[in-house]
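In what follows, a single structure is set out as structure tokens and then discussed.
There are 2 protein chains.
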Amino acid sequence: MASTIKDVARLAGVGVGTASRVISGKGPVAPETAARVQQAIQTLGFRPSSIARALSRKSLDMLGVYVPQYQGLFHGAVLETIGRELRDVDRHMVTASGGACGDARLQALDGIDFLRQRECDGLLLMSHALHDDDLRQLHAQMPQIAVLNRIVPGLESVCFSSDHALGGRLAAQCLLEAGHREVAIISGPHHAPDNEARLHGFLDTLGAAGVRVPSEHIITGDFTPASGRAAAEALLARCGPAPLPFSALFCANDPMAIAAISVLAAAGLRVPEDLSVIGYDDCEFAAHVWPALTTVRIDIGAVATQATRDLINRCYGRDRPVIRDVAPELVRRQSVRRVDAA
Amino acid sequence: MASTIKDVARLAGVGVGTASRVISGKGPVAPETAARVQQAIQTLGFRPSSIARALSRKSLDMLGVYVPQYQGLFHGAVLETIGRELRDVDRHMVTASGGACGDARLQALDGIDFLRQRECDGLLLMSHALHDDDLRQLHAQMPQIAVLNRIVPGLESVCFSSDHALGGRLAAQCLLEAGHREVAIISGPHHAPDNEARLHGFLDTLGAAGVRVPSEHIITGDFTPASGRAAAEALLARCGPAPLPFSALFCANDPMAIAAISVLAAAGLRVPEDLSVIGYDDCEFAAHVWPALTTVRIDIGAVATQATRDLINRCYGRDRPVIRDVAPELVRRQSVRRVDAA
DNA sequence: TTGAAAGCGCTAACAA
DNA sequence: TTGTTAGCGCTTTCAA
Chain B
1 MASTIKDVAR
11 LAGVGVGTAS
21 RVISGKGPVA
31 PETAARVQQA
41 IQTLGFRPSS
51 IARALSRKSL
61 DMLGVYVPQY
71 QGLFHGAVLE
81 TIGRELRDVD
91 RHMVTASGGA
101 CGDARLQALD
111 GIDFLRQREC
121 DGLLLMSHAL
131 HDDDLRQLHA
141 QMPQIAVLNR
151 IVPGLESVCF
161 SSDHALGGRL
171 AAQCLLEAGH
181 REVAIISGPH
191 HAPDNEARLH
201 GFLDTLGAAG
211 VRVPSEHIIT
221 GDFTPASGRA
231 AAEALLARCG
241 PAPLPFSALF
251 CANDPMAIAA
261 ISVLAAAGLR
271 VPEDLSVIGY
281 DDCEFAAHVW
291 PALTTVRIDI
301 GAVATQATRD
311 LINRCYGRDR
321 PVIRDVAPEL
331 VRRQSVRRVD
341 AA
Chain Y
1 MASTIKDVAR
11 LAGVGVGTAS
21 RVISGKGPVA
31 PETAARVQQA
41 IQTLGFRPSS
51 IARALSRKSL
61 DMLGVYVPQY
71 QGLFHGAVLE
81 TIGRELRDVD
91 RHMVTASGGA
101 CGDARLQALD
111 GIDFLRQREC
121 DGLLLMSHAL
131 HDDDLRQLHA
141 QMPQIAVLNR
151 IVPGLESVCF
161 SSDHALGGRL
171 AAQCLLEAGH
181 REVAIISGPH
191 HAPDNEARLH
201 GFLDTLGAAG
211 VRVPSEHIIT
221 GDFTPASGRA
231 AAEALLARCG
241 PAPLPFSALF
251 CANDPMAIAA
261 ISVLAAAGLR
271 VPEDLSVIGY
281 DDCEFAAHVW
291 PALTTVRIDI
301 GAVATQATRD
311 LINRCYGRDR
321 PVIRDVAPEL
331 VRRQSVRRVD
341 AA
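Residue numbers (the UniProt record's numbering), protein chains in the order written: chain B, 1 to 342; chain Y, 1 to 342.
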């Protein structure tokens, strides 16, 4: 049996109050008494029970984080960052992902419920499966939340996201500047707000320049490489082999772009010589594939940092600096080239 | 203020003991009484405090998981699997990663300490930075641990890993069969036991066939794509441009292999025409890059599953089936070709 | 089948 | 600067 604060107090010959004071470091204690208590702690190998402490202080000093999954380049970066920010203020996180049931929205609801049961001081939420209303409802019951990677109308003050519409515009401009006027798209899931925003930005900018994307040139994926591969295959099947009726392909994230490039290559199409490809996110692999991927960088880590700090400020009365704008940025590498240079 | 079990009991007109019984579902309660309590729970929106419950039951019903980081394809898969296994038995996990200080070993020690403070019922550990002795020491203090992806001498019964020596042998055989006799290696960190095991297996098999790998053909990376790129560049710089003094390259994981292929391609070298490349792990991207990567599949998810089940059995007196062997497997795709066919 | 009461290990108010 | 004590919200005997 692990020893308790009582054992420590007894061994040190002090009251539990005193022992508690030296353990937590708050409250006046005579240096010499403190030393005696420390000694007792040492010899007993005492570790305070965080549960008991939490019960009495009514806080576990922890924030809950929901992500749909742990896999993938995107969510890992988020968790990494949140963990670091919390460590800086001596707090920590508990995570939930997925859930018992099949439906993504239900899973998210489930995960959030789990987190609330764990009595977190606040919640960081990342999910494109939740409805805006789900989030509004949750916020009404529990205002200490921060929403990542989407902007929920009415909840702007707790939402943190890069401007994905701008990201989409950046991608479109890049293609337009390179002279592309026939483009295809591998989209993310259509219920994902961030995907929709970047798609709108992309399409709007193209439209303003007079270029339309026929709907048969738009295929929907789910952000995984496997879906990118399937989408590219579908595109090829639909549009016949060379010559392709488009000169550029926009993919809603880098993993899908990488997979798409591999099916293009397998079909004998060279990127960017035969076809330009632009990705989105600037994931860890983007710079390390061939050809290096031109993409729109979304610094999701920075977004997570800002969200975490804001939530820390609200939950723990801190005043960490928070920047609300994390702008997307075009990263020119090798997968897009001028159409007339082809 | 959230309502407590007392409120529920009062509203339902029963004692807290009774309320507790219906909440936990254990112990005899008259159906009609139970209904009344349920009603009270509903109207109060009562949620039991998991902290208080834990304090009294002396278990949070949770396992701790340490991973060096959340990023990367490998660790995500591990967390995903562990989470699922735990959910199956109505338990959950708390994770820790990295730590405050720079040194990976200290970080791991730190993270483990954090987990122990959180009063987990058991620990799942993944770290190649820890010394065997660290783990043995920990096990002496806390036997409810499971070690992932390495075998610690003396701790075999709590260690779960694919046979990386065999994995290395598989890679070597694949190359040998394809007629390669001059090979280069991009290794993982030399303190990583799994890396060492696969390297030994690889080198031994090669050696048995009479092929030696000169030390200047071995470059060390750290498993990241960026390090794979740097390693490949170093290899190229060291061995001059074409013709390369080796016909095959073994990379200690797929992300490094993918990055290496991209620098080879940038240097005008074609894989597999000019050079065969074999990876390791079979990460999510391996099948979706060009050329599709021939690699040794390590089903780390399966390893994590087995470890988790074993730990569940030990911590919660369950009897879930545990398979100890998760064999590595060669996955032939396109990045290796016969040398004489080149 | 129920209620009362004694903890679980800690914090914090209060008295000394 | 200390020790004592009353909670924190729940589970679990033990009687009734």
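Ideal Cβ placement from N, Cα and C applies to all residues, glycine included.
Taking 3 residues as the minimum length, the beta strand (DSSP E) runs contained wholly in the stretch 130 to 172 of chain Y are 145 to 148, in order along the chain.
If you ignore the 5 residues before and after glutamine 144 (chain B), its C-beta comes within less than 8 Å of the C-beta of Asp121, Gly122, Leu123, Leu311, Arg314 and Cys315, all in its own chain and listed in chain order.
Around the beta carbon of aspartate 88 (chain B), fewer than 16 other beta carbons sit within 10 angstroms, so the residue counts as exposed.
Within chain Y, the C-beta atoms nearer than 7 Å to that of alanine 77 (chain B) come from Gln71, in chain order. Excluding sequence positions up to five before and after arginine 332 (chain Y), its CB lies within less than 8 Å of the CB of Cys174 and Thr294, all in the same chain and listed in chain order.
Between phenylalanine 285 (chain Y) and chain B, the shortest Cβ-Cβ separation is below 8 Å.
DSSP, reduced to helix, strand and coil, places valine 271 (chain B) outside both helices and strands of the structure shown, so it counts as coil.
A distance below 6 Å between beta-carbons, with the five flanking residues on each side excluded, links alanine 129 (chain Y) to the following residues of its chain, in chain order: Ala104, Arg105 and Ala108. Distance check between threonine 33 (chain B) and each of B:Ala54, B:Ser50, B:Ala9 and B:Ser56 places B:Ala9 closest, using alpha-carbon atoms only. Taking alanine 77 (chain Y) as reference, the option from Y:Gly301, Y:Gly317 and Y:Val322 with the minimal CA-CA separation is Y:Gly301. Annotation: the continuous beta strand (DSSP E) that includes serine 187 (chain B) extends over 183 to 187. Counting C-beta atoms within 10 angstroms of its own C-beta, glycine 102 (chain Y) has fewer than 16 neighbours from the protein chains shown and is therefore classed as exposed.
Residues of chain Y with a Cβ closer than 9 Å to the Cβ of glutamine 42 (chain B) do not exist, since the nearest Cβ in that chain sits about 15 Å away.
Within the stretch 79 to 135 of chain B, complete alpha helix (DSSP H) segments of at least 4 residues are found at 104 to 117, given in chain order. As a beta-bridge residue in DSSP terms, isoleucine 278 (chain B) pairs with B:Phe250 and B:Thr294.
With fewer than three CB-CB distances shorter than 8 Å, the stretch 256 to 263 of chain Y does not count as touching the stretch 141 to 155 of chain Y. Interface annotation, isoleucine 112 (chain B): not in contact with chain Y, CB-CB separation never under 8 Å. Proximity to alanine 165 (chain Y) across Y:Asn195, Y:Pro28 and Y:Gly13 peaks at Y:Asn195, based on C-alpha coordinates. Where threonine 220 (chain B) is concerned, the enclosing beta strand (DSSP E) starts and stops at 218 to 220.
Assignment of leucine 55 (chain B) by DSSP, reduced to helix, strand and coil, places it in the helix class.
Put simply, the stretch 44 to 63 of chain Y does not touch the stretch 61 to 72 of chain B. Fewer than three CB pairs are less than 8 Å apart.
Listed along chain B is no residue with a C-beta nearer than 9 Å to that of glutamate 85 (chain Y); the closest approach is about 12 Å. Nearest to arginine 320 (chain Y) by C-alpha distance, out of Y:Asp282, Y:Leu330, Y:Pro328 and Y:Thr308, is Y:Thr308. Alanine 171 (chain B) is a Cβ neighbour of isoleucine 278 (chain B), given a cutoff of 8 Å.
Separation of glycine 27 (chain Y) and arginine 21 (chain Y) (C-alpha to C-alpha, rounded to the nearest whole angstrom) is 6 Å. With distances taken between CA atoms, valine 303 (chain B) lies nearest to B:Arg324 out of B:Pro291, B:Val14, B:Pro31 and B:Arg324. DSSP places valine 211 (chain B) in no alpha helix (DSSP H); its state is neither H nor E. Under the three-state reduction of DSSP output, valine 322 (chain B) falls in the coil class, being neither helix nor strand. For glutamate 32 (chain Y), the uninterrupted alpha helix (DSSP H) run begins and ends at 31 to 44, by DSSP. Per DSSP, tyrosine 66 (chain Y) is not a residue of any alpha helix (DSSP H); the beta strand (DSSP E) it occupies stretches across 62 to 67. Residues of chain B whose Cβ lies closer than 7 Å to the Cβ of glutamine 144 (chain Y) do not exist, since the nearest Cβ in that chain is about 13 Å away.
Taking the C-beta atoms as reference points, leucine 73 (chain Y) is found nearer than 8 Å to glutamate 284 (chain Y).
For the pair of segments examined, the stretch 34 to 42 of chain Y was found not to touch the stretch 37 to 45 of chain B: the number of CB pairs separated by less than 8 Å stays below three. Taking C-beta separations shorter than 8 Å and ignoring five residues to either side along the sequence, the partners of alanine 252 (chain Y) in its chain run Ile185, Ile186, Ser187, Gly188, Asn195, Arg198, Leu199, Gly221, Phe223 and Tyr280, following chain order. For proline 225 (chain B), the chain Y residues whose Cβ falls inside 9 Å of its Cβ are Glu284, Phe285, Ala287, His288 and Val289, in order along the chain.
Between valine 339 (chain B) and alanine 178 (chain B), the C-beta gap is smaller than 8 Å, which places the two residues in contact.
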